[in-house]
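> This is the structure I want to talk about, given as structure tokens.
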Amino acid sequence: MTTVFVSGANGFIGQHTVQQLLEAGYTVIGSVRSQEKGKKLSTALKSDKFSFVVIPNIADVGAFDKVLDDNKQITTFLHIASPFRFNVQDIEKEILIPAIEGTRNVLTSIKDHAPQVTKVVVTSSDAAARENDDKNPDLTLDESVWSKATYESSKHDPVAAYLGSKPLAEKLAWKFVEEEKPNFKLITVLPSYTFGPQIDDSLVLKDLNSSSKVFEEIITSNPDSQLYTHNGSFVDVRDAAKAHLVAFQNDEAIGKRLILSSNRFTSQTIRDILLKEFPQFKGQIFEGVPGEDIEDIKQMPVLNYSQTNNILGFKFRDIKTSSVDAVAQLLRVRDA
Numbered sequence: 000m001t002t003v004f005v006s007g008a009n010g011f012i013g014q015h016t017v018q019q020l021l022e023a024g025y026t027v028i029g030s031v032r033s034q035e036k037g038k039k040l041s042t043a044l045k046s047d048k049f050s051f052v053v054i055p056n057i058a059d060v061g062a063f064d065k066v067l068d069d070n071k072q073i074t075t076f077l078h079i080a081s082p083f084r085f086n087v088q089d090i091e092k093e094i095l096i097p098a099i100e101g102t103r104n105v106l107t108s109i110k111d112h113a114p115q116v117t118k119v120v121v122t123s124s125d126a127a128a129r130e131n132d133d134k135n136p137d138l139t140l141d142e143s144v145w146s147k148a149t150y151e152s153s154k155h156d157p158v159a160a161y162l163g164s165k166p167l168a169e170k171l172a173w174k175f176v177e178e179e180k181p182n183f184k185l186i187t188v189l190p191s192y193t194f195g196p197q198i199d200d201s202l203v204l205k206d207l208n209s210s211s212k213v214f215e216e217i218i219t220s221n222p223d224s225q226l227y228t229h230n231g232s233f234v235d236v237r238d239a240a241k242a243h244l245v246a247f248q249n250d251e252a253i254g255k256r257l258i259l260s261s262n263r264f265t266s267q268t269i270r271d272i273l274l275k276e277f278p279q280f281k282g283q284i285f286e287g288v289p290g291e292d293i294e295d296i297k298q299m300p301v302l303n304y305s306q307t308n309n310i311l312g313f314k315f316r317d318i319k320t321s322s323v324d325a326v327a328q329l330l331r332v333r334d335a
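Sequential numbering of the sequence shown, starting at 0, is according to numbering that gives the first Met the number 0.
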């Protein structure tokens, strides 16, 4: 069975991808930023077919050379690692450069040190496939749409940097393949807001990833809280992981952008679900205006990701499943 390398193995999507690879019989080598994170993931996975290497900074030139030189059995590379945090001191150094140069380093290392690798999957984001107009119901978004973000426009604040880093890194990947003509075939996967549980309660961190914080903000609020309104598309983390497997297993995905979206949502969508499924929240959290999301969603662009859905061939989980599973886990850990 194939040996698969997964960068960012301990990340939210990474951990689920590694778990599903192991369940499917693959041997997995993952990269993490510290020994502690690698050991914690190994303990949660409980598999002798998983090993890890520590790569503190994927933006360092040659960061992946040694692991590829030492493991010629790797034939598939999933590059999932990318910064997804907004509490940073240096926007370029902590968000833009790791995302862009990390992608360049991965592709260069594979080309120069792992000619046996035949498939490379790069994780991007639906932020790379958006127009600036998020409230235009006459607009249709599909796999051909690209964000117009530039490096300069992405330097102003951490959110802009994250949203800009995705198209910049993905464009670099496609350009690399076009110009360098490596042995491998490229596929990109573009998840939207990614919701759901961690693979194990032990991996629920005090500092949750930005997507999971959506739930934490809601369940730790009070009736008078003023909360940021999240809205857009979402995908369950377990489906995002599965899509990474299909991306390299199905040759129809070669050369394609796979955009992952189960449906639209707003923060109100999630609040309404949680208030119904967890009665203990009634009167304890900010409830908003029940049902308000319906009209808000109608004002969003139309999504047409039929090419992606045809290639993937499976049905995504709904927002209720993702929300309930995520919050049930948060409550278990909080009350333990």
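The beta carbon of each residue, even a glycine, is placed where N, CA and C say it ideally should be.
As the structure is a computational prediction, the values presented were derived from the model and not from experiment.
#1: By how many angstroms is the C-alpha of Pro136 removed from the C-alpha of Ala242?
#2: Would you decide whether Ile318 is buried or exposed? Buried here means 16 or more other CB atoms lie within 10 Å of its CB.
#3: Might you give, ordered along the chain, the residues of its own chain that have their beta carbon closer than 6 Å to the beta carbon of Ser108, omitting 5 neighbours on each side?
#4: From the DSSP secondary-structure annotation, give me the bridge partner or partners of Asn230.
#5: List the DSSP bridge partners of Leu257.
#6: Just confirm the distance between the C-beta atoms of Val116 and Phe183, as a whole number of angstroms; I'd bet it's less than 8 Å.
#7: Using the beta-carbon count (16 or more within 10 Å), is Phe313 buried or exposed?
#8: Who does Asp235 pair with in a DSSP beta bridge?
#9: Going by CA-CA distance only, name the one from Ile293, Thr42, Asn56 that's closest to Val102.
#10: According to DSSP, is Lys118 helix, strand or coil?
#11: Assuming Asp125 and Ser191 form a contact by the criterion Cβ under 8 Å, report the distance between their Cβ atoms to the nearest whole angstrom.
#12: Taking Phe247 as the reference, give the member of Glu215, Leu311, Ser210, Leu226 with the closest Cα.
#13: Please tell me whether Glu286 and Pro222 are closer than 9 Å, where the distance is taken between their beta carbons.
#14: Tell me where the beta strand (DSSP E) around Ser201 begins and ends.
#15: So who's on the other strand from Ser153, going by DSSP bridges?
#16: Could you tell me which residues DSSP pairs with Thr2 in its beta bridges?
#17: So, for His78: in the same chain, excluding its five sequence neighbours on each side, which residues have a beta-carbon less than 6 Å away from its beta-carbon?
#18: Leaving out five residues before and five after Ile94 in sequence, what residues of the same chain have Cβ atoms less than 7 Å from its Cβ?
#19: Do you know whose CA, among His229, Phe175, Asp235, Ala325, lies nearest Thr16's CA?
#20: When you compare only the Cα positions, how much space is there between Val29 and His112?
#21: Return the chain-ordered list of same chain residues with a C-beta closer than 6 Å to the C-beta of Ala239, the five sequence neighbours on each side being excluded.
#22: Taking DSSP's pairing of strands, which residues face Val53 in a bridge?
#23: For Leu138, name the three-state secondary structure that DSSP assigns.
#24: Which of the three DSSP states, helix, strand or coil, is assigned to Val213?
#25: Out of Met0, Val52, Val326, Ser123, point me to the one whose CA is closest to Pro166's CA.
#26: Closest by CA to Gly10, which one among Ala58, Pro114, Ser33?
#27: Taking the alpha carbon of Ser211 as the point to measure from, which residue in Asp59, Phe277, Ser322 has its own alpha carbon closest?
#28: Give the single residue among Ile218, Ile96, Lys118, His229 whose Cα lies nearest to the Cα of Thr75.
#29: Beta-carbon separation of Ala43 and Leu244 under 9 Å?
#30: Note down the Cα distance separating Gln14 from Thr1, rounded to an integer number of angstroms.
#31: Is there contact between the segment 250-259 and the segment 288-301, where contact requires at least three CB pairs shorter than 8 Å?
#32: Terminal residues of the continuous alpha helix (DSSP H) containing Glu251?
#33: For Val301, which beta-bridge partners are listed by DSSP?
#34: Ser266 and Asn230 look like a contact to me (Cβ under 8 Å); what is the Cβ gap, rounded to whole Å?
In short, the structure shows the following:
#1: Near 27 Å, if we compare the C-alpha coordinates of Pro136 and Ala242.
#2: The residue in question, Ile318, is buried, as its Cβ has 16 or more Cβ neighbours within 10 Å.
#3: Only Phe63, Asp64, Leu67 meet the Cβ criterion.
#4: Paired residue(s): Thr265.
#5: Paired residue(s): Val188.
#6: Confirmed, Cβ separation roughly 5 Å.
#7: The residue in question, Phe313, is exposed, as its Cβ has fewer than 16 Cβ neighbours within 10 Å.
#8: Looking at the DSSP assignment, Asp235 forms a beta bridge with Phe194.
#9: Strictly speaking, residue 102 in this sequence is Thr, with Val absent from that position. For Thr102, the nearest C-alpha among the options comes from Asn56.
#10: If DSSP states are grouped into helix, strand and coil, Lys118 belongs with the strands.
#11: About 4 Å separates the two Cβ atoms, so the contact holds.
#12: The candidate whose alpha carbon is nearest that of Phe247 is Leu311.
#13: For Glu286 and Pro222, yes; Cβs fall inside 9 Å.
#14: Going by DSSP, Ser201 is part of no beta strand (DSSP E) at all; its letter is neither H nor E.
#15: Ser153 is not bridged by DSSP to any residue.
#16: Thr2 pairs with Thr26, Ile73.
#17: Beyond the five residues adjoining it in sequence on each side, His78 comes within less than 6 Å, by CB distance, of Ser6, Val105, Val121 in the same chain, given in chain order.
#18: Excluding the 5 residues flanking it on each side, Ile94 has same chain C-beta neighbours closer than 7 Å at Pro82, Val87, Pro157, Ala160, Tyr161, Ser164, in chain order.
#19: When each option's Cα is compared against that of Thr16, the closest is Asp235.
#20: One detail in the question is off: residue 29 reads as Gly in this sequence, not Val. So the alpha carbons of these two residues sit roughly 17 Å apart.
#21: The answer, listed in chain order, is Ile12, Pro190, Thr193, Leu259.
#22: Note: Val53 sits in a beta bridge opposite Val31.
#23: Here Leu138 sits in coil by DSSP.
#24: Val213 falls in the helix class under three-state DSSP.
#25: Taking the Cα of Pro166 as reference, the smallest distance to any Cα among Met0, Val52, Val326, Ser123 is reached at Ser123.
#26: Relative to Gly10, the option among Ala58, Pro114, Ser33 whose CA is nearest is Ser33.
#27: Relative to Ser211, the option among Asp59, Phe277, Ser322 whose CA is nearest is Ser322.
#28: Closest by alpha carbon: Lys118.
#29: Going by C-beta atoms, Ala43 is not nearer than 9 Å to Leu244.
#30: Their backbone Cα atoms lie some 18 Å apart in a straight line.
#31: Segments in contact, no.
#32: Per DSSP, Glu251 belongs to no alpha helix (DSSP H) and is neither H nor E.
#33: Paired residues: Thr139.
#34: Contact between Ser266 and Asn230 holds, since their C-beta atoms are separated by about 7 Å, short of 8 Å.
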